[in-house]
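Before any comments, here is the structure.
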Amino acid sequence: MTATAPAAPPRTGAPGDGGPDAPRALRVWRSARTPVAVVTALVVVSVLLSLGTERFPTGYLEPGSVSPDGTRALVEVLGEDRDVDVVRSSAAAGEAVARAGGDAVLVVTLDHRLLPSELEELAALDTDTVLVQPSVASLAAFAPGVEVTGREVPDNILEYGFAPECGLPAAEAAGNATVGGELYSAPAGADATGCYPGGSGDALLRVEDGGTATTVLGTGTPLTNTALDTGGNAALAMNLMAADDVVWLRPDPPRQEGSATLWELVPPGLRWSLVPLVATLLLLALWRGRRMGALVPEALPVVVRASETTEGRAGLYQARKARDRAAYALRSGFLERTVPKLGLSAETAPEAVVETVAARTGDDPGHLRALLYPDGHDPYAADDDALVRLADELDERTRRLR
Numbered sequence: 001m002t003a004t005a006p007a008a009p010p011r012t013g014a015p016g017d018g019g020p021d022a023p024r025a026l027r028v029w030r031s032a033r034t035p036v037a038v039v040t041a042l043v044v045v046s047v048l049l050s051l052g053t054e055r056f057p058t059g060y061l062e063p064g065s066v067s068p069d070g071t072r073a074l075v076e077v078l079g080e081d082r083d084v085d086v087v088r089s090s091a092a093a094g095e096a097v098a099r100a101g102g103d104a105v106l107v108v109t110l111d112h113r114l115l116p117s118e119l120e121e122l123a124a125l126d127t128d129t130v131l132v133q134p135s136v137a138s139l140a141a142f143a144p145g146v147e148v149t150g151r152e153v154p155d156n157i158l159e160y161g162f163a164p165e166c167g168l169p170a171a172e173a174a175g176n177a178t179v180g181g182e183l184y185s186a187p188a189g190a191d192a193t194g195c196y197p198g199g200s201g202d203a204l205l206r207v208e209d210g211g212t213a214t215t216v217l218g219t220g221t222p223l224t225n226t227a228l229d230t231g232g233n234a235a236l237a238m239n240l241m242a243a244d245d246v247v248w249l250r251p252d253p254p255r256q257e258g259s260a261t262l263w264e265l266v267p268p269g270l271r272w273s274l275v276p277l278v279a280t281l282l283l284l285a286l287w288r289g290r291r292m293g294a295l296v297p298e299a300l301p302v303v304v305r306a307s308e309t310t311e312g313r314a315g316l317y318q319a320r321k322a323r324d325r326a327a328y329a330l331r332s333g334f335l336e337r338t339v340p341k342l343g344l345s346a347e348t349a350p351e352a353v354v355e356t357v358a359a360r361t362g363d364d365p366g367h368l369r370a371l372l373y374p375d376g377h378d379p380y381a382a383d384d385d386a387l388v389r390l391a392d393e394l395d396e397r398t399r400r401l402r
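In full-length UniProt numbering, the protein residues as written are 1 to 402.
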């Protein structure tokens, strides 16, 4: 008698190998960890992109703009040894001048965006002011009597500029500057000093009024990033704004309330972060979709002909001797194929159908009525030969109608 070794127990799988006894949570994690890792990585990238898309403001004489017509370079230079407060409204400018406590200079640009009442409030501040290419309303508020007398912009202004030709220390120390632009003249008897003379006036005019001074500059070109390092532009700007505190007023354009859409209020960085997120969803959908594999045709045990249904139904009619139902099916098929081609609808009365078919085929309407719409006893359902004759006549009508 021989001994047999006991059968080995079935392998249930080591812990964590995803076998049948592995915990359900572990199996779910193993199947979902790859898409979770991809989505997490792309979310992190989107957040980093949204944080790194800092956009500087743009615009002429914009203190935060790094474009050629901005003034970020000048503001940075001024901020090295004095306080520069950039404000966007007349009210904020008044508050900033009040906080300065006296030794401050107010720089006003794009003053055409201010109302006359706002200009009057700013002119009433007891502080030195620099007006950059001011409007007529601004001149009337800050320097009454000063007029625009012309404009001077030589072709080589950026290369050579104008000579100061005046006794103003700020201009003499700076030397030549690219101040070509609006020219001004002061009224007789005014305590005014004109520098950088042109054809009909001065490109820089300083008017003293008591303990304060208003400096009118005919252009903002020497203050811009592209021209600040040309000639004495930087020195002129530093000298004109020689105070412990510089309040730079560049009014925001008036906005119509309710004109911005929700999409316009979304930060640009957040908008760009949607691109990788959408790409992630598309890649995830493509990856998950292809996991199902291509469609595999199923090998059927038999091949069924398309006409088998018709033949099967005909066999049932024949077995049950349902000639009336067979005749009805033949007529219904004929009418369904023919009536739409005659320009009629399914709701058309039988009389109209019979008249239309008779007009096209030349048949007797009475015969067609008995053929298509029998009343009471149907002679074509009496026997199999009559049923075949019905089919032949319907085929003949179909041929004629073609």
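Glycine residues also receive a C-beta, built at the ideal position from the N, C-alpha and C atoms. Here the structure is a predicted model, which is why all the values come from computation and not from measurement.
Taking C-alpha positions only, PRO23 is separated from THR40 by approximately 25 angstroms. Restricting attention to ARG113, ALA174, ARG206, GLY201, the CA atom closest to the CA of ALA143 is found in ARG206. Shortest Cα-Cα distance from THR149 to any of CYS195, ALA173, GLU120, SER200 involves SER200. When the five nearest sequence neighbours on each side are left out, the beta carbons in the same chain lying within less than 8 angstroms of the beta carbon of ALA242 are those of VAL105, ALA170, in order along the chain.
The C-beta of THR310 has fewer than 16 other C-beta atoms within 10 Å across all chains shown, which makes the residue exposed. Beta-bridge annotation (DSSP): LEU119 is not paired with any residue. The criterion of a C-beta distance shorter than 9 angstroms is not satisfied by ASP69 and GLY79.
The continuous beta strand (DSSP E) containing TYR184 extends over residues 182-185.
Only residues of its own chain outside the window of five on either side were considered, and among them none has a CB closer than 8 angstroms to the CB of VAL36. Going by DSSP, ARG72 is part of the alpha helix (DSSP H) stretching over 72-78. Residue burial is scored here from C-beta neighbours: ALA285 has fewer than 16 other C-beta atoms within 10 angstroms and is therefore classed as exposed. Taking a contact as a CB-CB distance under 8 angstroms, the pair LEU168 and CYS195 counts as one, their CB atoms being some 5 angstroms apart.
The shortest C-alpha to C-alpha distance from ASP126 to any of LEU139, ALA93, VAL136, VAL146 is the one to ALA93. By the CB criterion at 9 angstroms, LEU283 and VAL38 fall inside the cutoff.
Secondary structure remark: continuous alpha helix (DSSP H) runs of at least 4 residues inside the stretch 287-355, in chain order: 308-319, 323-338.
For LEU240, the closest of VAL45, LEU74, ALA279, ALA32 by C-alpha to C-alpha distance is LEU74.
Bridge pairing for GLY150: LEU183 [DSSP]. For the pair ASP128 and THR215, the CB atoms are nearer than the 9 angstroms cut-off. Nearest neighbour of PRO187 by Cα position, chosen from LEU61, ASP202, THR178, GLY175, turns out to be ASP202. Burial check for ARG323: the Cβ neighbour count within 10 Å reaches 16 or more, so the residue is buried.
Looking from the CA of GLY269, the closest CA among LEU49, VAL43, VAL28 belongs to LEU49.
For the set ALA319, ASP85, THR224, the Cα lying nearest the Cα of ALA98 is the one of ASP85. Judged by beta-carbon spacing, TYR184 lies within the 9 angstroms limit of VAL146, meaning their Cβ atoms are closer than that value.
The beta carbon of SER65 sits closer than 8 angstroms to those of PHE56, PRO57, THR58, GLY59, THR71, ARG72, ASN225, all from its chain and outside the five residues before and after it, given in chain order.
Following the DSSP letters along the chain, one finds ALA100 inside the alpha helix (DSSP H) bounded by residues 90-100.
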